[in-house]
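Trainee:
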Amino acid sequence: MDSLIICDAENERIVRWSRRSGTTQGEVLIDNIGCWGLAMDDQRYLYVSDIGKQEVRRYQSGEQIVTLATGGNGKGVGLNQLNEPRYLFVDRDYSVYLSDWNNHRVMKWVEDAKEGIVVAGGQDAGSALT
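Under my numbering, the first residue of the sequence shown is numbered 2, with each subsequent residue one higher.
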């Protein structure tokens, strides 16, 4: 896939821009989403952080199959909750690492887990390296 996928947060959508088509218009992949961060794993699943729904969703390329990867239990401080999930990364084991912005922590969600693990922060805002 020779394209660029962006989170168009202001318009609440995910857009793909092909480098080969010669077009000047993107293709809307997902709309009505409070997107902030994107990641793709080696199986070409697209992970999207949704700050409106407090979750990360996993999308299968070319299909409308959606899987909840993290969160989905409303805004909060619990290990099964998020408060503005933003930037994310997916490792080789399909664990999702994400910045849980308003909880001041970095979370790791193992594939199919019901709750995450705090790997950094979580002690409120500050400059300490905890």
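Yeah, the Cβ is synthetic: ideal placement off N, Cα and C, and Gly gets one too.
Report the partner residues of residue 1 according to the DSSP bridge assignment.
Mentor: What the structure shows of the chain is the stretch from 2 to 131, and residue 1 is not part of that stretch, so it cannot be assessed.
Trainee: Report the option in 107, 60, 9 and 16 whose CA atom is closest to the CA atom of residue 35.
Mentor: Closest option to residue 35, Cα to Cα, is 9.
Trainee: Just to confirm, is the Cβ distance from residue 52 to residue 85 under 8 Å?
Mentor: Cβ atoms of residue 52 and residue 85: closer than 8 Å.
Trainee: Among 33, 91, 95 and 26, which one has its Cα closest to the Cα of residue 15?
Mentor: Considering only alpha carbons, the answer is 33.
Trainee: Looking only at DSSP bridge pairs, what is residue 61 linked to?
Mentor: The partner list for residue 61 (beta bridge, DSSP) reads 46.
Trainee: Residue range of the beta strand (DSSP E) that residue 39 falls in?
Mentor: 36-41 is the extent of the beta strand (DSSP E) around residue 39.
Trainee: Just to confirm before moving on: does the CB-CB distance between residue 5 and residue 20 stay below 8 Å?
Mentor: Taking 8 Å as the Cβ cut-off, residue 5 and residue 20 qualify as a contacting pair.
Trainee: Short of 7 Å in beta carbon distance, which residues of its chain neighbour residue 77, apart from the five on each side in sequence? Order them along the chain.
Mentor: The residues are 84.
Trainee: How is residue 10 classed by DSSP in three states: helix, strand or coil?
Mentor: Residue 10 falls in the helix class under three-state DSSP.
Trainee: Out of curiosity, what's the CA-to-CA distance linking residue 110 and residue 88?
Mentor: Approximately 13 Å, taken between the alpha carbons.
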